[in-house]
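Engineer: The listed protein sequences derive, respectively, from chains D and F.
The first sequence begins at 506 in the numbering used here and counts up by one.
The second sequence begins at 55 in the numbering used here and counts up by one.
Could you have a look at this structure, given as structure tokens, before my questions?
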Amino acid sequence: MPLIVAGVAALVAALYFYGTTQIFVSPFADPAGPRAYPYLLVALMLVGVVVLSLEHLKARRETATAPRAESAIRWSPLLPVSAWTLVYILVFEWLGYPLATAIYLIVLMTVFNPGKHRTNLAVSLSFAVISYVLLAVLLGAQLPAGHVVEALTNHFRG
Amino acid sequence: MSAIHYILQGFETALLPLNLLYVFVGTLLGTILGILPGIGPVAGIALLMPVTYGMDPTSALILLCGMYYGAQYGGSATAILINTPGEASSMITCIDGYQMARKGRAGAALAVSAWGSFIAGTLSVIGLAALATALSKLALSFGPAEYFGLMIFSLAAVSALSGKSPGMSIIAVVTGMMIATIGLDSQTGSTRFTLGLQDLENGLAFPIIAIGLFALGEVFLTLEEKSQGKTEIIKLSGSTWMTREDWRRSAGPIVRGGVIGFFLGVLPGIGGVLASIISYATEVRLSKRPQEFGQGAIEGVAGPEAANNAAASGSFVPMLAMGIPGSVTTAVLLGVLIMFGIQPGPRMIDDNPGLFWGLVNSMYVGNVMLLILNLPLIGLFVRILYTPTGILMPLVLVFSVIGIYATDTNVVELEFLLAFGVLGYIFKKIEMPIAPLVLGLVLGDTLEKSFRQALILSGGDPSIFVKSPICLGLLLVSLACFLLPVVLPLLRSREIAESAENA
Numbered sequence: 506m507p508l509i510v511a512g513v514a515a516l517v518a519a520l521y522f523y524g525t526t527q528i529f530v531s532p533f534a535d536p537a538g539p540r541a542y543p544y545l546l547v548a549l550m551l552v553g554v555v556v557l558s559l560e561h562l563k564a565r566r567e568t569a570t571a572p573r574a575e576s577a578i579r580w581s582p583l584l585p586v587s588a589w590t591l592v593y594i595l596v597f598e599w600l601g602y603p604l605a606t607a608i609y610l611i612v613l614m615t616v617f618n619p620g621k622h623r624t625n626l627a628v629s630l631s632f633a634v635i636s637y638v639l640l641a642v643l644l645g646a647q648l649p650a651g652h653v654v655e656a657l658t659n660h661f662r663g
Numbered sequence: 055m056s057a058i059h060y061i062l063q064g065f066e067t068a069l070l071p072l073n074l075l076y077v078f079v080g081t082l083l084g085t086i087l088g089i090l091p092g093i094g095p096v097a098g099i100a101l102l103m104p105v106t107y108g109m110d111p112t113s114a115l116i117l118l119c120g121m122y123y124g125a126q127y128g129g130s131a132t133a134i135l136i137n138t139p140g141e142a143s144s145m146i147t148c149i150d151g152y153q154m155a156r157k158g159r160a161g162a163a164l165a166v167s168a169w170g171s172f173i174a175g176t177l178s179v180i181g182l183a184a185l186a187t188a189l190s191k192l193a194l195s196f197g198p199a200e201y202f203g204l205m206i207f208s209l210a211a212v213s214a215l216s217g218k219s220p221g222m223s224i225i226a227v228v229t230g231m232m233i234a235t236i237g238l239d240s241q242t243g244s245t246r247f248t249l250g251l252q253d254l255e256n257g258l259a260f261p262i263i264a265i266g267l268f269a270l271g272e273v274f275l276t277l278e279e280k281s282q283g284k285t286e287i288i289k290l291s292g293s294t295w296m297t298r299e300d301w302r303r304s305a306g307p308i309v310r311g312g313v314i315g316f317f318l319g320v321l322p323g324i325g326g327v328l329a330s331i332i333s334y335a336t337e338v339r340l341s342k343r344p345q346e347f348g349q350g351a352i353e354g355v356a357g358p359e360a361a362n363n364a365a366a367s368g369s370f371v372p373m374l375a376m377g378i379p380g381s382v383t384t385a386v387l388l389g390v391l392i393m394f395g396i397q398p399g400p401r402m403i404d405d406n407p408g409l410f411w412g413l414v415n416s417m418y419v420g421n422v423m424l425l426i427l428n429l430p431l432i433g434l435f436v437r438i439l440y441t442p443t444g445i446l447m448p449l450v451l452v453f454s455v456i457g458i459y460a461t462d463t464n465v466v467e468l469e470f471l472l473a474f475g476v477l478g479y480i481f482k483k484i485e486m487p488i489a490p491l492v493l494g495l496v497l498g499d500t501l502e503k504s505f506r507q508a509l510i511l512s513g514g515d516p517s518i519f520v521k522s523p524i525c526l527g528l529l530l531v532s533l534a535c536f537l538l539p540v541v542l543p544l545l546r547s548r549e550i551a552e553s554a555e556n557a
């Protein structure tokens, strides 16, 4: 893992260095200008990469005698939850807060609180509706009603 | 104006009905969030940050600080009742607190935790008021180069002490500093690292990063851990009043823990963890019954809890006096100050006496409020522990989304929020400390300003950073913070190898 982190950090440093070269420097800028500090950060990041690599070498020598357990990233819950959250974010304005939130919560609770469908349904629906009424209607927070609700409202208004 | 006048003025601010309400709400929400599995004080503060938009900065800080002490107490309650510390600094409380609970003395353990926190918290607030004003006067003599050195030292100290690997810490802190450079350059107006996105021209809003890294990251982790077994929750038993014997055994540890905690809390990066460990070790050494430690000794809860709370107040000293956060929580609070347009630093106490003294005195009020709230209501609060995480965590995700969206109604910000949530999870899994990243992010802009101001003063000559003895000293200590943990073991292993060869 440390070598992967060092590799990613080196890549970030390289991209950041490229980004720094693209910064426009005004002839009236201060002596350091907008590029000096970012260049310093690139150098510091490379120091971090070197230090981490040295640590890895040291650890590899030690683990030859005593293997060390590492906690692995488990993509199984992270990927579906973050993907489902991304879907929620993308449809948030279109579906509207109450509807999108209710669907989002029902699915998550069904997966992570299994076997309690009535509770999950009740919590999801009541949370979506109560929080919308409380925050958007009473407190004036800007939460989207959604195109679906707007279309329905317009339809009934005729 | 005299100090007494300011203190009275501070009480006037802290005791305003609205601010009293904020202290109450803050401590109440903090205790609840501290008890909730997976949500610590930092995540709680991050989640509450969007609520403070539009509030008076003093009231906002009073609310968030109230939440901080509340969450600390909540974290101690979980340490005692389910052997799971709400945050790292409550780790030591688990040792004897959980044993006390198993022996039917959970009530006494929770009571000594509340009283210990109250007494040490009150003592350290006095220390905070005295030391912060003195330090800010000293820091006023610092120029941009010295200030640059001081910030580098703070970053180095916190980073070197907050993770197991100095390399990981350097990468984390620089990542934070790099994120801070996104947006318009404040001195020339050039756009930097915006990838052509208009949404990035003003940089990334601090709450997006804080809520993403702390709240979402923690939710992802908790949902993952949810499937890995259940924890035994001990029913609250025994009176929440301490007996005379309990008081006799706890008074000394509370005072000692308070003093140890406060002074260690002032030092950047040391914080509550080391303070509670040292306090525990001190009590074991001083006790006439050292064999009772680990079996449910009340001193083992009183000392570390007092130290933990005093360290929290101590960490406010460098933040309020010099604008240098000594812990991740104060870094987040500093981010809130910057969000409100208040420039932290030595001038803050003089420029905003109302904020400083109002905040300090609200801490007294907060400690009283915590005691009044927690002792009778703890039985009610611990019922929260029975809330299924499968219901709670999705709700936290929605709260995070509401907080960010309601501020700017920008879906792109929600995408950034999710990205930082994933980053927060990955950081936790690969054991890369988040504290240095947040510190780099919060101090990044001020650090660059000091760096460039120093170069303007010297006409572009970088030797200004080594010509000032204070700056040079701070830079050398900073370098040592990172290099010593790497270089010393390497040298030692080489020595061992050489001596083995010679033998």
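Note that beta-carbon positions come from the ideal geometry of N, C-alpha and C, so glycine has one too.
Pick helix, strand or coil for G243 (chain F), following the three-state DSSP scheme.
Structural biologist: Coil.
Engineer: Is the beta carbon of P372 (chain F) less than 8 Å from the beta carbon of P322 (chain F)?
Structural biologist: Closer than 8 Å, so yes.
Engineer: Could you tell me whether the Cβ atoms of L551 (chain D) and A518 (chain D) are closer together than 8 Å?
Structural biologist: Contact: yes.
Engineer: Can you tell me whether L388 (chain F) sits near the ligand MG, meaning its C-beta is under 7 Å from at least one heavy atom of the ligand?
Structural biologist: No copy of the ligand MG appears in this structure; indeed no ligand is present at all.
Engineer: Just how far apart, CA to CA, sit K621 (chain D) and V465 (chain F)?
Structural biologist: Going from the Cα of K621 (chain D) to the Cα of V465 (chain F) covers about 32 Å.
Engineer: Using 8 Å as the threshold, is the C-beta distance between P490 (chain F) and S213 (chain F) below it?
Structural biologist: Yes, the Cβ-Cβ distance between P490 (chain F) and S213 (chain F) is below 8 Å.
Engineer: Using 8 Å for Cβ pairs, my map puts P582 (chain D) next to E278 (chain F). What's the rounded Cβ distance?
Structural biologist: Their Cβ separation, rounded to whole angstroms, is 5 Å, which keeps P582 (chain D) and E278 (chain F) in contact under 8 Å.
Engineer: I want to know whether the segment 166–182 of chain F touches the segment 414–431 of chain F - three or more CB-CB distances under 8 Å.
Structural biologist: Counting Cβ pairs under 8 Å, three or more are found: they touch.
Engineer: On the DSSP letters alone, give me the boundaries of the alpha helix (DSSP H) that P379 (chain F) sits inside.
Structural biologist: Here P379 (chain F) belongs to no alpha helix (DSSP H), and DSSP marks it neither H nor E.
Engineer: What residues from chain F crowd round V586 (chain D), counting only those whose CB sits closer than 7 Å?
Structural biologist: Going along chain F in sequence order, the residues near V586 (chain D) (Cβ under 7 Å) are F274, L277.
Engineer: Go through its chain and collect everything with a Cβ distance to G80 (chain F)'s Cβ below 6 Å, but skip five positions before and after it.
Structural biologist: Excluding sequence neighbours, G80 (chain F) sits near L117, G120, M121.
Engineer: Taking its Cβ as the centre, do 16 or more other Cβ atoms sit within 10 Å of D405 (chain F), making it buried, or is it exposed?
Structural biologist: So D405 (chain F) counts as exposed.
Engineer: Excluding sequence positions up to five away, which residues of its chain have a Cβ less than 6 Å from the Cβ of L388 (chain F)?
Structural biologist: Around L388 (chain F): M373, P379, P398, V496.
Engineer: Mark T235 (chain F) as exposed unless 16 or more other C-beta atoms lie within 10 angstroms of its C-beta, in which case mark it buried.
Structural biologist: Buried, by the Cβ-count rule.
Engineer: Drop a sphere of 10 angstroms on the beta-carbon of G668 (chain D), count the other beta-carbons inside from all chains shown, and report buried for 16 or more, exposed for fewer.
Structural biologist: Any question about residue 668 (chain D) goes unanswered here, given that chain D covers just 506 to 663.
Engineer: Taking just the CA atoms, how far does M614 (chain D) sit from G601 (chain D)?
Structural biologist: G601 (chain D) and M614 (chain D): Cα-Cα distance of roughly 20 Å.
Engineer: Just by C-beta distance, which residues in the segment 78–109 of chain F are closer than 7 Å to chain D?
Structural biologist: Listed by position, the residues of the segment 78–109 of chain F near chain D (Cβ gap below 7 Å) amount to none.
Engineer: Let's test the definition: count the other Cβ atoms within 10 Å of the Cβ of P649 (chain D) and tell me whether it reaches 16, buried, or not, exposed.
Structural biologist: So P649 (chain D) counts as buried.
Engineer: Pull up the CB-CB distance for I134 (chain F) and S167 (chain F), whole angstroms please, since I reckon it's below 8 Å.
Structural biologist: At roughly 7 Å, the Cβ-Cβ gap stays under 8 Å, so I134 (chain F) and S167 (chain F) are in contact.
Engineer: May I have the straight-line CA-CA distance separating G230 (chain F) from W295 (chain F), to the nearest angstrom?
Structural biologist: Cα to Cα, the separation comes out at about 46 Å.
Engineer: DSSP state of L177 (chain F), grouped into three classes?
Structural biologist: Three-state result, L177 (chain F): helix.
Engineer: Quick one: what's L62 (chain F) bridged to in DSSP?
Structural biologist: DSSP, once it has assigned bridges, lists no residue as partnering L62 (chain F).
Engineer: Using a Cβ cut-off of 8 Å (strictly closer), state whether P307 (chain F) contacts chain D.
Structural biologist: Not closer than 8 Å to any Cβ of chain D, the Cβ of P307 (chain F) fails to qualify, so no.
Engineer: From the DSSP output, in three-state form, read off L583 (chain D) for me.
Structural biologist: Looking at L583 (chain D) - three-state DSSP - the assignment turns out to be helix.
Engineer: Around the Cβ of D239 (chain F), are there at least 16 other Cβ atoms within 10 angstroms (buried) or fewer (exposed)?
Structural biologist: Classification of D239 (chain F): buried, given that the 10 Å Cβ count is 16 or more.
Engineer: Mark N256 (chain F) as exposed unless 16 or more other C-beta atoms lie within 10 angstroms of its C-beta, in which case mark it buried.
Structural biologist: By the 10 Å Cβ count, N256 (chain F) comes out exposed.
Engineer: Can you give the Cα-Cα distance for N362 (chain F) and W599 (chain D), rounded to whole angstroms?
Structural biologist: Each residue's Cα considered, the two are about 47 Å apart.
Engineer: Would you kindly check if the distance between the Cβ of A100 (chain F) and the Cβ of A264 (chain F) is under 8 Å?
Structural biologist: Cβ atoms of A264 (chain F) and A100 (chain F): closer than 8 Å.
Engineer: Hey, is S219 (chain F)'s beta-carbon within less than 8 Å of any beta-carbon in chain D?
Structural biologist: Closer than 8 Å to some Cβ of chain D, the Cβ of S219 (chain F) qualifies, so yes.
Engineer: Taking a Cβ distance cut-off of 8 Å, strictly less, list which residues of the segment 442–462 of chain F are near chain D, in chain order.
Structural biologist: Hits within the stretch, in order: P442, T443, G444, I445, M447, P448, L449, L451, V452, V455, I456, Y459, A460.
Engineer: Any Cβ of chain F within less than 8 Å of the Cβ of P536 (chain D)?
Structural biologist: Output row for P536 (chain D): interface = yes.
Engineer: Taking a cut of 7 Å between CB atoms, which residues from the segment 647–662 of chain D lie near chain F?
Structural biologist: Listed by position, the residues of the segment 647–662 of chain D near chain F (Cβ gap below 7 Å) are Q647, L648.
Engineer: Tell me, please, whether the segment 342–360 of chain F touches the segment 475–487 of chain F by the rule of three or more beta-carbon pairs shorter than 8 Å.
Structural biologist: No, the segment 342–360 of chain F does not touch the segment 475–487 of chain F.
Engineer: By how many angstroms is the C-alpha of E66 (chain F) removed from the C-alpha of Y123 (chain F)?
Structural biologist: The alpha-carbon atoms of Y123 (chain F) and E66 (chain F) are separated by roughly 21 Å.
Engineer: Any C-beta of chain F sitting closer than 8 Å to the C-beta of F522 (chain D)?
Structural biologist: No, its Cβ sits nowhere closer than 8 Å to a Cβ of chain F.
Engineer: Once DSSP output is grouped into helix, strand and coil, what is the label at L238 (chain F)?
Structural biologist: DSSP places L238 (chain F) in strand when its eight states are reduced to three.
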